[in-house]
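Asks:
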Amino acid sequence: MEPFARLTAPAVPMDLPNIDTDRVIPARFLRKPREAGFGPLLFHDVRFDAAGAPRPEFVLNHPAYRGARILVTAENFGCGSSREMAVWALVDYGIRVVIGPSFGDIFFENCFKNGALAVVLSADIAAGLRRALAERPGATMTVDLESQIITGPAGEAIRFEIDAFRKHGLLTGQDEIEMTLARLPAIEAFEARRRVEMPWLG
Amino acid sequence: MMSQRLTMFEKIWSRHVVAEGPGGQALLYVDRHLLHEGSTHALARLERKGRAVRRPDACLATADHYVPTATGAGEIANPEIRAMVADLGRHTRRLGITFFGRGEPRQGIVHVIGPEQGATQPGITLMCGDSHTATHGAFGALACGIGSTEVEHVLATQCLWQRRPKVMRITVTGTRPFGVMAKDVILAIIARIGAGGGVGHAIEYAGPVVRAMSMDERMTVCNMSIEAGARAGMVAPDETTFAYLEGRPLAPRGEMWPRALAFWRTLPSDPDAAFDREVALDATELAPTVTWGTSPQDALPITGHVPDPSAVGDPARRASMERALAYMGLTPGAPLAGTAVSRVFIGSCTNSRLEDLRAAAAVARGRRAAVPAWVVPGSAQIKRAAESEGLDRVFTDAGFEWREPGCSMCVGMNGDTAAAGERVASTSNRNFEGRQGQGARTHLMSPAMAAAAAVTGRLTDVRTLGR
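Those protein sequences? They're chains A and B, same order as listed.
Residue 52 in our numbering sits at position 52 of the first sequence, with consecutive numbering throughout.
Residue 1292 in our numbering sits at position 292 of the second sequence, with consecutive numbering throughout.
Here you go:
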């Protein structure tokens, strides 16, 4: 996994609440192999019309937001399906940071498994950022994971919380399976105990 | 005597912690892992890295998302779809994982066959790379949907790093009126707490209405926990649970049965256990419910009207409603009942079990479908059971199409999709834009309501068709 430490880039606002992962990437694309590249499929059916032409009203097609690598969302972004391809599509498109008041739990977890940072801010602060980004399309933001500081489009500093486990994982790009397998004795001890306490589970 | 005051969730969670990690993360042991074609991405990565599967005996795999459901479909024409089904077969053979492939007698939707085979049991942790895994919580299990990287992690380690969610109890009191099914109860709950209302929580469903529900009904309720944003949904195990499980192929047998039973009886939340959040709902006030928008929270009684965005103060909410109504092609203020539908889908991990099919058949019996209507049983076993009761004949006599088991038009991955602009009365779980096909318009409802829509060609209050 590619580590993440710091990013300064244009940020794009999305105001609709409850944007589900079906909208982030439609089901018919999920059978593609990872190597196929998912960036062109991001938000496919709202980003392109039936003929494949960009829909001018969709925010990512606004010329000022081209090159956006930070997404600021409304409530419950990434709800619904567990499809990790939603994060693959964001990351392949270039978006490494998603900021919002709340996220679908599975989507949130999937971000950290793919080198993307999901940040929860209060609804007011997230709304303020979206407003500022709409007023100044193409404005940049900086997200610094080490210091846990976001610098907004007007230069304001916003501190964010992240648990130590996820922070370490992103900063180092560690292989979580290797980390877990390092605890094999604990897993084996658990299995031995379960064989006694719940023998019907095998 | 110890005064523990634990919730069922806490009892199961604490028993499965293998190790504590930084940041409040716990390494949780996974008792059962269910796989489907979507899991092949993770299986392929494992193979590429040369990693072993730690407990193939804890895995159970089935083909559901990509299998055709048309009768006598033959070989799958689309090479990518064909490869998804074939790859799962190849990986499970390679790894020695039990696999119910297309056409096999125990094949079906992953959240239907787990319980059906007795793999789903009280007190276990169960993971699956599918968001509707909460279904299995109906047995008093901690069951969570996970992403593809997490599937790979569970395969390799039989464990998962998890942050402990909060626990919410939703108590459903009163009695369900005539015509109100489990689907109506969960749609009403989601409308009440919102599509994000359960984020960061495991939900325990409790109260007399839930207690009186069959296992099929409890599964319908738990299934849609994710539509309220919850990490898991659970119902405490009781005699209904035990009676369902006894004798199932993978359930405890012989001398193990009474031992398991004694353990399972310790699982329900202690009477004075504290929950992070409590919600109460009176079922007596419920009516058959349908969705009007593009989020499962957009649900109203069938006696209601399409809501008017201009009456909503919050500009973000108003914009969201306007977009939903434009997509759905609905007019503010119009009555929901009477809205013409293009087709009907009865199936999915939410509503494809035998009781669902019986409820739909009771409405279809002696009537005639006015629009194309599909019935897709949740598993081959349910299909056989329904046929032995003659339900297939009830449906086909009424002009419904009786199909092969699979996820089908709930998600359309196998090509079972509705056309743009088509309005679908559906027993599935998501009315998202494009969920059932690009531009397709989904109204979620119970199996009885879907059958009523089929025989009238319109959204219809099933109660008006009589008992």
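Ideal Cβ placement from N, Cα and C applies to all residues, glycine included.
Buried or exposed: which applies to Arg1005 (chain B), given that a residue is buried once 16 or more other Cβ atoms fall within 10 Å of its Cβ?
Replies: As a position in the second sequence, residue 1005 (chain B) is number 5, starting the count at 1. By the neighbour-count rule (16 or more Cβ atoms within 10 Å), Arg1005 (chain B) is not buried but exposed.
Asks: So, are the CB atoms of Ala1228 (chain B) and Ile1189 (chain B) less than 8 Å apart?
Replies: By one-based count along the second sequence, residue 1228 (chain B) stands at place 228. By one-based count along the second sequence, residue 1189 (chain B) stands at place 189. Going by C-beta atoms, Ala1228 (chain B) is nearer than 8 Å to Ile1189 (chain B).
Asks: Within 8 Å of any Cβ in chain A, is that where the Cβ of Gly1200 (chain B) sits?
Replies: Reading the second sequence from its first residue, position 200 is the one you call residue 1200 (chain B). Answer yes: the Cβ-Cβ gap between Gly1200 (chain B) and chain A drops below 8 Å somewhere.
Asks: Let me know the secondary structure DSSP gives Ala1019 (chain B) once reduced to three states.
Replies: Residue 1019 (chain B) sits at position 19 when you count from the first residue of the second sequence. Strand.
Asks: Specify, as a first and last residue, the run of the beta strand (DSSP E) that Gln1025 (chain B) falls within.
Replies: Counting from 1 along the second sequence, the entry for residue 1025 (chain B) is found at position 25. Residues 1025–1029.
Asks: For a cutoff of 8 Å on Cβ pairs, would you count Arg1318 (chain B) as touching chain A?
Replies: In the second sequence, the residue the question calls residue 1318 (chain B) occupies position 318. Chain A contact via Cβ: absent.
Asks: Three or more beta-carbon pairs under 8 Å between the region 1161–1179 of chain B and the region 1096–1103 of chain B, yes or no?
Replies: Counting Cβ pairs under 8 Å, fewer than three are found: no touch.
Asks: May I have the straight-line CA-CA distance separating Leu1300 (chain B) from Leu1286 (chain B), to the nearest angstrom?
Replies: For the purposes of this step, residue 1300 (chain B) is taken as the residue at position 300 of the second sequence. For the purposes of this step, residue 1286 (chain B) is taken as the residue at position 286 of the second sequence. Straight-line Cα distance between these residues: approximately 10 Å.
Asks: Distance cutoff 8 Å, beta carbons only. Does His168 (chain A) sit that close to anything in chain B?
Replies: Reading the first sequence from its first residue, position 168 is the one you call residue 168 (chain A). Yes - at least one Cβ of chain B is within 8 Å of the one on His168 (chain A).
Asks: Give the residues from the region 1264–1298 of chain B that approach chain A closer than 7 Å (Cβ to any Cβ), ordered along the chain.
Replies: Within the region 1264–1298 of chain B, the qualifying residues are Ser1295.
Asks: Should Phe77 (chain A) be labelled buried (16 or more other beta-carbon atoms within 10 Å of its own) or exposed?
Replies: Working through the first sequence from its first residue, we reach residue 77 (chain A) at position 77. That one is buried.
Asks: Using CA coordinates, which residue listed in B:Ala1026, B:Ile1346, B:Gly1174 is at the minimum distance from Ala1453 (chain B)?
Replies: Counted from its first residue, the second sequence places residue 1453 (chain B) at position 453. Measuring from the Cα of Ala1453 (chain B), the nearest candidate turns out to be B:Ile1346.
Asks: For chain B, is any of its Cβ atoms less than 8 Å away from the one on Asn61 (chain A)?
Replies: Locating residue 61 (chain A) in the first sequence gives position 61, where the first residue counts as 1. No, its Cβ sits nowhere closer than 8 Å to a Cβ of chain B.
Asks: With 8 Å set as the bound, which would you pick, yes or no: does the beta-carbon of Thr180 (chain A) sit closer than that to a beta-carbon of chain B?
Replies: Residue 180 (chain A) sits at position 180 when you count from the first residue of the first sequence. Yes - at least one Cβ of chain B is within 8 Å of the one on Thr180 (chain A).
Asks: Below 8 Å between beta carbons: does that hold for Gly1197 (chain B) and Asp1282 (chain B)?
Replies: For the purposes of this step, residue 1197 (chain B) is identified with residue 197 of the second sequence, where counting begins at 1. For the purposes of this step, residue 1282 (chain B) is identified with residue 282 of the second sequence, where counting begins at 1. No, Cβ-Cβ distance for Gly1197 (chain B) and Asp1282 (chain B) is not below 8 Å.
Asks: Could you tell me the alpha carbon to alpha carbon distance between Ile177 (chain A) and Glu2 (chain A), rounded to whole angstroms?
Replies: Here residue 177 (chain A) corresponds to residue number 177 of the first sequence, with the count starting at 1. Here residue 2 (chain A) corresponds to residue number 2 of the first sequence, with the count starting at 1. Answer to the nearest angstrom: the Cα atoms are 15 Å apart.
Asks: How about Gly1129 (chain B) and Ile1146 (chain B): do their beta carbons lie closer than 8 Å?
Replies: Sequence index remark: in the second sequence, residue 1129 (chain B) carries index 129 (1-based). Sequence index remark: in the second sequence, residue 1146 (chain B) carries index 146 (1-based). Yes, Cβ-Cβ distance for Gly1129 (chain B) and Ile1146 (chain B) is below 8 Å.
Asks: Count the other CB atoms, across all protein chains shown, that sit within 10 Å of the CB of Met1001 (chain B); report buried if there are 16 or more and exposed otherwise.
Replies: Taking the second sequence and counting its residues from 1, the one referred to as residue 1001 (chain B) is at position 1. Per-residue confidence for Met1001 (chain B) stands at a pLDDT of 43, beneath the threshold of 50, marking its modelled position as unreliable; no derived number is given.
Asks: Ordered along the chain, which non-local residues of its own chain (more than five positions away) have a Cβ less than 7 Å from that of Phe1275 (chain B)?
Replies: Walking along the second sequence from the start, residue 1275 (chain B) turns up at place 275. Closer than 7 Å at Cβ, skipping near neighbours: Thr1007, Val1167, Met1168, Arg1169.
Asks: How far does the alpha helix (DSSP H) with Arg1005 (chain B) in it extend, from its first residue to its last?
Replies: Counting from 1 along the second sequence, the entry for residue 1005 (chain B) is found at position 5. That residue, Arg1005 (chain B), is in no alpha helix (DSSP H); it is neither H nor E in DSSP.
Asks: How would you write the range of the alpha helix (DSSP H) that Thr205 (chain A) sits in, first residue to last?
Replies: This structure cannot settle anything about residue 205 (chain A), because the visible part of chain A is limited to 1 through 202.
Asks: For Phe165 (chain A), which residues in chain B fall below 9 Å Cβ to Cβ?
Replies: Against the first sequence, residue 165 (chain A) aligns to sequence position 165. What Phe165 (chain A) touches in chain B: Gly1021, Pro1022, Gly1023, Gly1024, Gln1025, Trp1161, Arg1163.
Asks: Are the beta-carbon atoms of Ile25 (chain A) and Ile70 (chain A) separated by less than 8 Å?
Replies: For the purposes of this step, residue 25 (chain A) is identified with residue 25 of the first sequence, where counting begins at 1. For the purposes of this step, residue 70 (chain A) is identified with residue 70 of the first sequence, where counting begins at 1. The answer is no: Cβ separation not under 8 Å.
Asks: Tell me which residues of the region 82–109 of chain A have at least one Cβ-Cβ distance to chain B shorter than 7 Å, keeping chain order.
Replies: Listed by position, the residues of the region 82–109 of chain A near chain B (Cβ gap below 7 Å) are Ser82, Glu84, Ser102, Gly104, Asp105, Ile106, Glu109.
Asks: Under 8 Å Cβ-Cβ, which residues of chain A neighbour Arg1090 (chain B)?
Replies: Here residue 1090 (chain B) corresponds to residue number 90 of the second sequence, with the count starting at 1. Those do not exist, as Arg1090 (chain B) stays about 15 Å from chain A at its closest Cβ, beyond 8 Å.
Asks: Strictly under 8 Å for the Cβ-Cβ distance: is Leu133 (chain A) near chain B by that measure?
Replies: Walking along the first sequence from the start, residue 133 (chain A) turns up at place 133. So no, Leu133 (chain A) is outside the interface.
Asks: State the DSSP-derived secondary structure class of Trp1292 (chain B), mapped to helix, strand or coil.
Replies: For the purposes of this step, residue 1292 (chain B) is identified with residue 292 of the second sequence, where counting begins at 1. In this structure, Trp1292 (chain B) counts as coil in the three-state DSSP scheme.
Asks: Kindly list the residues whose CB is nearer than 6 Å to the CB of Ala1260 (chain B), restricted to its own chain and excluding five residues on each side of it in sequence; keep chain order.
Replies: For this step, residue 1260 (chain B) is matched to residue 260 along the second sequence. The residues are Pro1252.
Asks: In this structure, does DSSP put Ser1310 (chain B) in helix, strand or coil?
Replies: Locating residue 1310 (chain B) in the second sequence gives position 310, where the first residue counts as 1. Of the three classes helix, strand and coil, the one that applies to Ser1310 (chain B) here is helix, per DSSP.
Asks: Roughly how far, in whole angstroms, is the beta-carbon of Tyr1327 (chain B) from the beta-carbon of Glu1422 (chain B), given that I think they are within contact range, below 8 Å?
Replies: Reading the second sequence from its first residue, position 327 is the one you call residue 1327 (chain B). Reading the second sequence from its first residue, position 422 is the one you call residue 1422 (chain B). Not confirmed; about 13 Å, so no contact.
Asks: In or out: Val1411 (chain B) buried (at least 16 other Cβ within 10 Å) or exposed?
Replies: Taking the first residue of the second sequence as position 1, residue 1411 (chain B) is located at position 411. Counting Cβ neighbours within 10 Å, Val1411 (chain B) comes out buried, since at least 16 surround it.
Asks: Any idea which residues DSSP pairs Cys974 (chain B) with across the strands?
Replies: Outside the displayed span of chain B (1001 to 1467) sits residue 974 (chain B), for which this structure offers no information.
Asks: Below 7 Å on C-beta distance, what does Ala1195 (chain B) contact in chain A?
Replies: The sequence position of residue 1195 (chain B) within the second sequence is 195, counting from 1. Those within 7 Å of Ala1195 (chain B) in chain A are Asn18, Asn76, Cys79.
Asks: Under the three-state reduction of DSSP, which class applies to Cys1410 (chain B): helix, strand or coil?
Replies: Against the second sequence, residue 1410 (chain B) aligns to sequence position 410. Helix, per DSSP.
Asks: Would Gly1437 (chain B) and Ala1448 (chain B) qualify as a contact pair, given that the criterion is a beta-carbon distance under 8 Å?
Replies: For the purposes of this step, residue 1437 (chain B) is taken as the residue at position 437 of the second sequence. For the purposes of this step, residue 1448 (chain B) is taken as the residue at position 448 of the second sequence. No. Outside cutoff.
Asks: Going along chain B in order, which residues have a C-beta closer than 9 Å to the C-beta of Gly155 (chain A)?
Replies: Here residue 155 (chain A) corresponds to residue number 155 of the first sequence, with the count starting at 1. Here the premise fails: no neighbours, minimum Cβ distance about 26 Å.
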